[in-house]
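S.K.: Under the numbering used here, the letters of the sequence shown match residues -17 to 225, in that order. Below you will find the structure I want to go over with you.
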Amino acid sequence: TSPIPCGNSIFEVEFDFLDHHLTIKTNTGELKRIGLYPRSVADFYEEFMRTLSSLGFEVKIWHVPVEVPDPIPFDQDQQHASYDPMYANAFWRVLIQVDEVLKEFRGKFIGKSSPVHFFWGSFDMAVTRFSGRRAPERPGADSITREAYSHEVISAGFWPGGGDVNGAAFYAYAAPEPEGFSKSLVKPSEAFYHSGLKEFLLMYDDVRTADFPRARLMDFLQSTYEAGANLSKWDRPSLERAA
C-alpha cells in the first residue's frame, strides 16, 4: 500500500508471496501477520479488519470488488475460497520483472507520467504517459473515466488476460486514439491490434520464450508509444529524455 496515515499513526500493508502472509506494520514498530491459505474471502476480510482494529486503526474500506462480473461484497463472499501458493508466487515473480522493465521505460520520458501501478480490479500493472494537452470529453463517461482521460495519454502494461484474450498479454493504447493508430507497424512482429479492446497486444508467452525477452518487450513499449505520439503530434523532443 505504501505508508497510510491514520490519526496520529501510520501503517503499511504488504503481501508476502514468499512466506505467504499479509503483513501489517506500524510506525511504532508493531507488526501483525495474517496467513494466506485456502479460505473464504469473507473469513480473510473479517480477520484483516479485526487485525487493523486491534492495532488501533478504525478504517472504512469500499467492500465491493470492482471490474468483476457479479461482484459479492467481501464480508459476504463464501464462494471464493482458493489460494494456491505456487501460482501466487509465480504471478508475483512475473509482476516484479514487469515492474522493472516498465520503470526503465518510464525513465525515458521527462513529461508527466504515472508511477508504475497495479489495478486490483482488472489485475493489470501499467504505466501512463501524458502529452500535457487536454483531451475531448468522452460522451457518456462516468466520473472516474472522465477524470482518468481528461488529458491525452498513451498507456502500456501487463494483464493476465480474460474474455476472448486467452492468456496473459502486454498491452498498449492511446486515448483518444488517433486516426491510423490501429494500422501502425509496431514491434515485434507477434504484436497485433485487438479491435474489441482498441489496444495493441503482445502475448506474454511470445516475450517469455524469446531469446532476449527484455529487449522484445521494450521494442513493443517503445514502438507503440511512438506510433501513438507521432500520429497525435505530441511534442516529443520536449517530452523525451535525449539519448
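Just so you know, even glycine gets a beta-carbon here, dropped at the ideal spot from N, CA and C. Small disclaimer: the values here were computed from a predicted structure and weren't measured.
Since Thr5 and Leu18 are thought to touch, with beta carbons under 8 Å apart, how far apart are those beta carbons, to the nearest angstrom?
M.R.: With a Cβ gap of about 10 Å, Thr5 and Leu18 do not count as contacting.
S.K.: What residue range does the beta strand (DSSP E) around Ser22 cover?
M.R.: Unbroken run through Ser22: none, as it is neither H nor E.
S.K.: With distances taken from CA atoms, which of Phe87, Gln61, Leu179 is nearest Ala225?
M.R.: Nearest of Phe87, Gln61, Leu179 to Ala225, Cα basis: Phe87.
S.K.: Got a sec? Which residues, its chain only, sit under 7 Å from Arg120 by beta carbon, not counting five neighbours each side?
M.R.: Answer for Arg120: Thr127, Arg128, Tyr131, listed in chain order.
S.K.: What residues match up with Pro67 in a beta bridge as DSSP calls it?
M.R.: None; Pro67 has no bridge partner.
S.K.: Output the distance between the C-alpha atoms of Gly122 and Thr8, rounded to the nearest integer angstrom.
M.R.: Each residue's Cα considered, the two are about 43 Å apart.
S.K.: Can you check the stretch 155 to 218 for any beta strand (DSSP E) of at least 3 residues that lies completely inside it and give the ranges in chain order?
M.R.: For the stretch 155 to 218, whole beta strand (DSSP E) runs of length 3 or above, ordered along the chain, are 174 to 176, 181 to 185.
S.K.: Taking just the CA atoms, how far does Asp193 sit from Ile43?
M.R.: Cα to Cα, the separation comes out at about 44 Å.
S.K.: Compare the Cα-Cα distances from Ser166 to each of Lys90, His45, Phe202, Arg21 and report the closest residue.
M.R.: Nearest C-alpha to Ser166: Phe202.
S.K.: Helix, strand or coil for Thr127, going by three-state DSSP, please let me know.
M.R.: DSSP places Thr127 in helix when its eight states are reduced to three.
S.K.: In or out: Trp141 buried (at least 16 other Cβ within 10 Å) or exposed?
M.R.: Answer is buried; the Cβ neighbour count reaches 16.
S.K.: How big is the Cα-Cα spacing for Tyr65 and Asn71?
M.R.: For Tyr65 and Asn71, the distance between alpha carbons rounds to 11 Å.
S.K.: Classify Pro20 as buried or exposed, calling it buried when 16 or more other Cβ atoms lie within 10 Å of its own Cβ.
M.R.: Pro20 should be labelled exposed.
S.K.: Given 8 Å as the limit, is there contact between the stretch 44 to 61 and the stretch 95 to 103, that is, 3 or more CB pairs closer than that?
M.R.: Touching, yes, given that three or more Cβ pairs across the two stretches are closer than 8 Å.
S.K.: Tell me whether the beta-carbon of Arg111 lies closer than 8 Å to the beta-carbon of Gly93.
M.R.: Cβ atoms of Arg111 and Gly93: closer than 8 Å.
S.K.: Kindly list the residues whose CB is nearer than 6 Å to the CB of Ala150, restricted to its own chain and excluding five residues on each side of it in sequence; keep chain order.
M.R.: Counting only Cβ-Cβ distances below 6 Å, and skipping sequence neighbours, we find Pro142, Gly143, Tyr186.
S.K.: Determine whether the beta carbon atoms of Glu135 and Ala157 lie at a separation below 8 Å.
M.R.: Residue identity differs from the one stated: residue 135 is Val in this sequence, not Glu. Contact flag set, yes.
S.K.: CA-CA distance, Asp57 and Glu28?
M.R.: The alpha-carbon atoms of Asp57 and Glu28 are separated by roughly 7 Å.
S.K.: With distance defined between alpha-carbon atoms, name the residue in Ile(-8), Thr33, Ser35, Pro55 nearest to Ser22.
M.R.: Of the candidates Ile(-8), Thr33, Ser35, Pro55, the one whose C-alpha sits nearest the C-alpha of Ser22 is Pro55.
S.K.: Using the rule of at least 16 other Cβ atoms within 10 Å of the residue's Cβ for burial, across every protein chain shown, is Leu0 buried or exposed?
M.R.: Exposed, because fewer than 16 other Cβ atoms sit within 10 Å of the Cβ of Leu0.
S.K.: Which residue wins for smallest C-alpha separation from Leu199, given the options Glu181, Glu172, Ile(-8), Ser177?
M.R.: Nearest of Glu181, Glu172, Ile(-8), Ser177 to Leu199, Cα basis: Glu172.
S.K.: Mapping the DSSP letters down to three states, classify Arg32 as helix, strand or coil.
M.R.: It is helical.
S.K.: Can you give the Cα-Cα distance for Tyr175 and Ser137, rounded to whole angstroms?
M.R.: When rounded, the distance between both Cα atoms is 14 Å.
S.K.: Who does Tyr27 pair with in a DSSP beta bridge?
M.R.: Bridge partners of Tyr27: none, in fact.
S.K.: Which word fits Asp188, buried or exposed, when buried means at least 16 other C-beta atoms lie within 10 angstroms of its C-beta?
M.R.: The residue in question, Asp188, is buried, as its Cβ has 16 or more Cβ neighbours within 10 Å.
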